[in-house]
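Peer 1:
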Amino acid sequence: RKAGLGTAYVRGFKYALARDYEFILEMDADFSHDPKEIPNFLLSMNDYDLVIGSRYVQGVNVVNWPLSRLILSYGANLYTRLITGMPIHDCTSGYKCFRRKVLESIKLDKISSDGYSFQIEIDFKTWKLGFKLKEIPIVFVDRLIGSSKMSKKIVYEAIWMVWKLKILSLLGKLE
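If you're matching positions, the sequence shown starts at 769 in this note's numbering and goes up one per residue.
(1) Is leucine 835 close to the ligand MG? I mean its beta-carbon at under 7 Å from any heavy atom of the ligand.
(2) According to DSSP, is lysine 900 part of a helix, a strand, or is it coil?
(3) At 3 residues or longer, what runs of the beta strand (DSSP E) sit wholly inside the region 807 to 884?
(4) First and last residue of the beta strand (DSSP E) that includes phenylalanine 781?
(5) Following the continuous beta strand (DSSP E) through leucine 793, name the residue where it begins and the one where it ends.
(6) Does lysine 941 have its Cβ less than 8 Å from a Cβ in chain D?
(7) Would glutamate 794 pass as a contact of lysine 864 if the rule is Cβ separation under 8 Å?
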């Protein structure tokens, strides 16, 4: 049985932590994220704890997306920034590099998101824990084969997750 996206990320993070990796990189396996950018992530890791490959930090850098998908993604990121106050332009990016201490500090088993909101939740928790974040510009090229996993359920989960994170943080109950 296939688990969700968040479950897969958590398994991968635990695998990397168990092997004492200092940096843990996450990226799409369909080459939507260009592996040639990895050296740029690693250079930034000298000064930061989480480096996010951002489609929106310098304009809009997306190729092969329909306008409706671009509007949904850009709008979701703007909404997330406005509600949470996070200083991140691309809260749903799946191309990022973590310093191991970030993932050790986050209670991975307490992550409740499984869709795209997983990215929002892990970014928010990293930010609230006081780690240093940086966005670097990337160009995102949509897959040429296969289809998006986007669904109404995933959209609703992300809408509510933003509020859940904000409220838990205000109440001092964010885990």
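All residues carry an ideal CB built from backbone N, CA and C; glycine is no exception.
Peer 2: Per the coordinate set shown:
(1) Only the bare structure without any ligand can be found here, which leaves the ligand MG out of the picture.
(2) Taken through DSSP and simplified to helix, strand or coil, lysine 900 comes out as coil.
(3) Within the region 807 to 884, the complete beta strand (DSSP E) runs of at least 3 residues are 818 to 822 and 864 to 867.
(4) Premise fails: phenylalanine 781 lies in the alpha helix (DSSP H), 773 to 786, not in any beta strand (DSSP E).
(5) Note, leucine 793: beta strand (DSSP E), 791 to 794.
(6) Absent here is chain D; the protein component of the structure consists of one chain.
(7) Yes, Cβ-Cβ distance for glutamate 794 and lysine 864 is below 8 Å.
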